[in-house]
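**Student:**
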Amino acid sequence: MSSSDADVTNAIQMKLQQNGEWDRIYVELSDQLNELGWIDDLYDTAKERSRDDKTNLQRLLEDLKPTAVNGIPKELRTKIVAMIQASIERVVQKG
187 MSSSDADVTN
197 AIQMKLQQNG
207 EWDRIYVELS
217 DQLNELGWID
227 DLYDTAKERS
237 RDDKTNLQRL
247 LEDLKPTAVN
257 GIPKELRTKI
267 VAMIQASIER
277 VVQKG
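Position in the sequence shown (from 1) plus 186 gives the number in the numbering used here.
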């Protein structure tokens with residue numbers, strides 16, 4: 187990513203945080219994952235894997251990442267991406 191792309195990305199992120207859109211998206215994602223049991227399932231998986239004395243935090247995070255990412259239903263992923271895109275479009279239109 188070029189310096190100018192990074193600047194634009196950072197500016198959009200800042201606007202999303204300032205106008206509350208980022209928090210709204212985060213809350214929606216968290217609520218949906220909680221309702222689906224994704225959070226509890228990931229917690230249980232982490233707990234099981236952490237029982238291995240040789241597992242450190244970094245290794246545990248690396249092991250859990252594919253499980254966490256793949257466990258998000260496609261419909262939810264699509265919904266959240268659409269929310270992000272709509273929010274970005276609003277920010278860009280406002281200038």
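Backbone N, C-alpha and C define an ideal beta-carbon position, used for all residues, glycine too. No experiment lies behind these values; they were computed from the predicted model shown.
1. Would you identify the three-state DSSP class for LYS251, choosing helix, strand or coil?
2. Within its chain, find whatever has a CB closer than 6 Å to the CB of MET269; leave out the 5 residues flanking it on each side and keep chain order.
3. Pick helix, strand or coil for THR241, following the three-state DSSP scheme.
4. Apart from the five residues on each side of it in sequence, which residues of its chain come closer than 8 Å, Cβ to Cβ, to LEU250?
5. For ILE266 versus LEU215, is the C-beta distance shorter than 7 Å?
6. List the whole-angstrom C-beta distance separating LEU222 from PRO252, where the pair is believed to meet the contact cut-off of C-beta under 8 Å.
7. Grouping DSSP H, G and I as helix and E and B as strand, with all else coil, what is GLN246?
8. If you draw a straight line from the C-alpha of ARG276 to the C-alpha of ASP238, how long is it?
9. Report yes if the C-beta distance between ILE225 and ILE274 is below 7 Å; otherwise report no.
**Tutor:** Inspection of the coordinates gives the following:
1. Residue state for LYS251 is assigned as helix, using DSSP reduced to three classes.
2. Only ILE211 meet the Cβ criterion.
3. It is coil, neither helix nor strand.
4. Result list for LEU250: LEU228, THR231, ALA232, ARG235, in chain order.
5. Cβ distance < 7 Å, so ILE266 and LEU215 count as in contact.
6. About 18 Å; that fails the 8 Å criterion.
7. For the record, residue 246 in the displayed sequence is Leu; it is not Gln. LEU246 carries a helical assignment under DSSP once its states are collapsed to helix, strand and coil.
8. Taking the straight line from one Cα to the other gives about 47 Å.
9. The answer is no: Cβ separation not under 7 Å.
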